[in-house]
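Residue numbers (my numbering), protein chains in the order written: chain A, 1 to 279; chain B, 1 to 323.
Think of the CB as a built atom: it goes at the ideal place given N, C-alpha and C, for glycine as much as any other residue.
Since the structure is predicted, the reported quantities are computational estimates derived from the model, not experimental observations.
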Amino acid sequence: MESQNLYLPYLMRIEKITNEAPFVKTFRLKFVNEEESTAFNFRTGQFGEYSVFGEGESTFCIASAPTRLGYIECTFRQAGRVTTSLANCDEGDVIGFRGPYGNIFPIDEWKGKNLLFIAGGIALPPMRSVIWNCLDLRENYKDVTILYGARSVADLVYKNELEEWKNRPDVKLVTTVDPGGETPGWKGEIGFVPTILDKMVPSAENTIAIVCGPPVMIKFTFPVLAKMGFPDDMIYTTLENRMKCGIGKCGRCNVGKVYVCKDGPVFTLAELKKLPAEY
Amino acid sequence: MDSLNGTGKIIMAPVRKGKLVELEPVNSSGEIAFDAMLTTQSAKKTTFPRWEKVMEYEQLQKGINPKEVDLDTLPELILFGIRPCDASGFRSLTAIFNWDSADQLYLKKLEKTTIVSFACHTADEYCFCTSVEGGPGNTANSDIQFTRVNDDNFLVEILTEKGQALAASFSGLLSDPAQLPDKMQFLADVPIVFDLKTVTGKATANFEHPTWLQQSYRCIGCGACAYVCPTCACFDIQDEHLIRKGVRLRLWDSCGFSLFTLHTSGHNPREVQSHRWRQRIMHKFSYMPERLNITGCEGCGRCSRACPVDMNIKEHLITIAEL
C-alpha cells in the first residue's frame, strides 16, 4: 500500500562498503523489501536522504548509474553526526533512504555531443552516476573527456574506476592533484583543476561541460570555460545546499524563487546566473 | 459552548495564561478570553505543531521496524475565537504543504479542523492585515465567522459545508433577521499603510539594496518572529533515540538562525544576519507570490510584538515600498 507519509524511508541493507579515501566511503545499498526494489527507479543527477535511525538524515546524490540495476550506491565523507554514524555501519546493517528527489542531467538532450566532465575532490560521486550512465550508452555520445582533481593522491576517489577509464580507448581521462599532493610515483598532472583545464584547451564546439566540485574550484573553472567559448547553457553543475525534507517544504534549500531540491540539484550556468549567489 | 461540547470535538480557544493568551483546549465559555485582541502564538500549531512525530521505529533483534504515524484517528478540532488573520494563515501553510506533493501530516489535521473565527473589533499599532489583502472581517479560510454586534448578539456567517455542519449543533441560537446590519460598522479600523504589489516589486528589484543591512543591524537572530508567525513553515527533521526505539521529529525552524543553511564544511550561503533577514522578507513577499501565488504574511503583527529588539515589520515594509 502506498504510504501517505512523505517522510517514511525505504529500508536499505548495506551490501558492500568500499573505502575510497581517508574518511570517504561508498555504500552499495539494496532494498530490504523486494517489491520496493522492483518498483524503484531513478535518473542520473537525483539525490536522496540517507538515515541512521536515531541519528538523523543526511543528503547525498545517488552515485551509481540508473543503467546499473538492482542497487544504488552513495559515497560520502565522514564529517558530521549522521555521516559519522553511517561510517560506523557494517556490511549487512540496515539504513533508511528517501528518494529519488530532484531533477536530472538531461542526457537525452546531449545525444550526439562531446562530453567534458570536470570534477574536484568529493564531487566526483554525482558525476560518476552520469559518467557511467553515458558510458553505458556510449554510442549516443562523441568524445568523452574526464578531468578529475583532488587535494592529494590519497584523496582521489574511485581509484579502480579511474584506472578503468584510463584504460578505455573511448575515454580521455586526465587526473591531477594540488601542488604538494603528489606522491613519488604519481603519473598524473600536478596543479589545480582550472589551471589544468586551461592547459588542456578543450574545444567548445558541440560540447557539453559538466562541472562539480568545491565552490572555489567552480568559481575559477567557469571563467576558463567562458574563455574557451562555452556558452552558459552548455555548462552544467549541481548545487549542494543544505536540505532536510528534499521535497520543497522545509525551506532550507530555497535560493531566490528556486528550491534546489525540486528545481535542482542540476542547473546550467545560465540558470545559476539568474539566482542570487546564496549557494 | 454547551452545544459545541455536544459535538464531541475538541474545542480550542484563546485562554489567558499570565500575561500571555494562548490557544488551548477548553470545556466551558468561562475559560475563554473573548476580550483578547490576539493570541500570543498563532493558530498554526494546531495543524503544524512545534514538534511532531513523522515516524517511529523499533530496533529488533535483527533489523529495524519503522512505524507510520497514525493519521486516521486524529481528533476533530474546533478552533473557536481565532482571528481572521490566523484563519487565513492556513492558506499559506496549505500552499506550502500541498504544492507538488501532498503532505498529509499537515493536510489531515486541517481536514479535521473546523475554524470559527471572530472578526476583530479592536486592533493595535502593529496590525496591518488590510495592507496584505486581509482585514478585520476577512472570511478567508473560516468555516464560520462571528462578528460582535453588542453584548448579546453576534452576526454569524456560515461560510462552508463544514461550517454548516457545525452550525447545526447551535441552530437554536440562530435567528434570521429581516434586515442584516452592515458588518463593517462593527469592525476595527485598520488603515492600509502600503501597497502590497509595490512591496513585492520593490523587494524583488532591490536584492542588493543597503536597506536589508540597515533594517537587520538590530536583529539578534533569535527566530521568535518565525515561531509566532501564522505562515512560517520552515522546519527541521531530527531523530531522538530512546532505548531500543526512537522517533523522527519535525520541528519548527527559522531562516533567521545562522545554522539554518550552514553546510558541514563550514560554508554558509547566507552567512550574515542581513542575508537572513532579506530571505525572510523575500520569501514571504517575492518568492511565495511568484511560486505559490500567495503572500506569506497575514499582517497580524505578531513578529513585531514578539521581537526582543523591536524590529517592526510594518515599518520595514513601508520603507521597502518607498525604495
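Distance CB(residue i)-CB(residue j) smaller than 7 Å
| i | j | result |
| --- | --- | --- |
| B:VAL193 | B:GLY299 | no |
| A:GLY48 | A:VAL82 | no |
| B:LEU79 | B:MET12 | yes |
| A:VAL224 | A:PRO184 | no |
| B:VAL21 | B:ARG248 | no |
| B:LEU323 | B:ASN206 | yes |
| A:ASN41 | A:VAL266 | no |
| A:PHE27 | A:ARG77 | no |
| A:ALA204 | A:GLY229 | yes |
| B:LYS9 | B:GLU58 | no |
| A:ALA277 | A:CYS212 | no |
| B:VAL199 | B:PHE285 | yes |
| A:LYS249 | B:ASP103 | yes |
Beta carbon proximity, residue i to chain A, threshold 7 Å
| i | result |
| --- | --- |
| B:HIS263 | yes |
| B:ASP103 | yes |
| B:GLU52 | no |
| B:GLU111 | no |
| B:GLN238 | yes |
| B:ILE64 | yes |
| B:HIS241 | yes |
| B:PHE207 | yes |
| B:ARG291 | yes |
| B:THR55 | The amino acid at residue 55 of chain B is misidentified as Thr; the sequence shows Met. So, interface residue. |
| B:ASP100 | yes |
| B:PRO335 | Examination of residue 335 of chain B is not possible in this model, given that chain B is present from 1 through 323 alone. |
| B:TYR227 | no |
| B:GLY223 | no |
| B:PRO25 | no |
| B:CYS300 | no |
| B:PRO269 | yes |
| B:GLY172 | no |
| B:GLY246 | yes |
Beta carbon proximity, residue i to chain B, threshold 7 Å
| i | result |
| --- | --- |
| A:ILE247 | yes |
| A:MET1 | Low confidence applies here, because A:MET1 scores a pLDDT of 38, under 50, leaving its location unreliable; read the following figure in that light. For A:MET1, the answer is no, since every Cβ of chain B falls outside 7 Å of its Cβ. |
| A:ASN5 | yes |
| A:GLY48 | no |
| A:ALA21 | no |
| A:PRO276 | yes |
| A:LYS244 | yes |
| A:ALA79 | yes |
| A:CYS250 | yes |
| A:PHE230 | no |
| A:LEU8 | yes |
| A:TYR279 | yes |
| A:GLU34 | no |
Distance between beta carbons of residue j and residue i, contact taken as under 8 Å
| i | j | result |
| --- | --- | --- |
| A:ALA154 | A:ALA21 | 6 Å |
| B:ARG278 | B:GLY221 | Not really, about 13 Å apart at Cβ, beyond 8 Å. |
| A:THR237 | A:LEU197 | No, A:THR237 and A:LEU197 are not in contact; Cβ-Cβ is about 14 Å, not under 8 Å. |
| B:CYS297 | B:THR231 | 7 Å |
| A:GLY251 | B:CYS234 | 4 Å |
Alpha carbon of residue i to alpha carbon of residue j, nearest angstrom
| i | j | result |
| --- | --- | --- |
| B:CYS127 | B:VAL149 | 22 Å |
| B:ASN27 | B:ASP189 | 32 Å |
| A:MET1 | B:ARG305 | Confidence at A:MET1 is low in this model, with a pLDDT of 38, below 50, so the placement of that residue should be treated as unreliable; the coordinate-derived value is given next. Each residue's Cα considered, the two are about 47 Å apart. |
| A:ILE95 | A:ASN114 | 38 Å |
| A:LYS159 | A:THR145 | 17 Å |
| B:GLY246 | A:CYS61 | 26 Å |
| A:LYS274 | A:LYS142 | 30 Å |
| A:MET243 | A:LYS25 | 21 Å |
| A:TYR148 | B:PRO210 | 40 Å |
| A:GLY246 | B:MET184 | 45 Å |
| B:TYR287 | A:LYS257 | 5 Å |
| A:PHE31 | A:GLU73 | 12 Å |
| B:HIS283 | A:PRO179 | 43 Å |
| B:LYS44 | A:SER152 | 51 Å |
| A:ASN206 | A:LEU116 | 11 Å |
| A:PHE105 | A:ILE235 | 11 Å |
| B:THR130 | B:ASP182 | 18 Å |
| B:HIS121 | B:PHE34 | 11 Å |
- Which runs of the alpha helix (DSSP H) fall wholly inside the stretch 112 to 157 of chain A and span at least 4 residues, in chain order? 124 to 136
- Using a Cβ cut-off of 7 Å, which residues of the stretch 67 to 78 of chain B contact any Cβ in chain C, in chain order? Protein chains A and B are contained in the structure displayed, whereas chain C is not.
- What residue ranges within the stretch 7 to 72 of chain A form continuous alpha helix (DSSP H) runs of no fewer than 4 residues, ordered along the chain? 34 to 39
- Which full runs of the alpha helix (DSSP H) of 4+ residues lie inside the stretch 230 to 275 of chain A, going along the chain? 260 to 263, 269 to 272
- Message: Could you tell me which whole beta strand (DSSP E) segments of length 3 or greater appear in the stretch 162 to 209 of chain A?
- Response: 172 to 177
- At what residue ranges does the stretch 154 to 206 of chain B contain a whole run of the alpha helix (DSSP H), taking only runs of 4 or more? 161 to 167, 196 to 205
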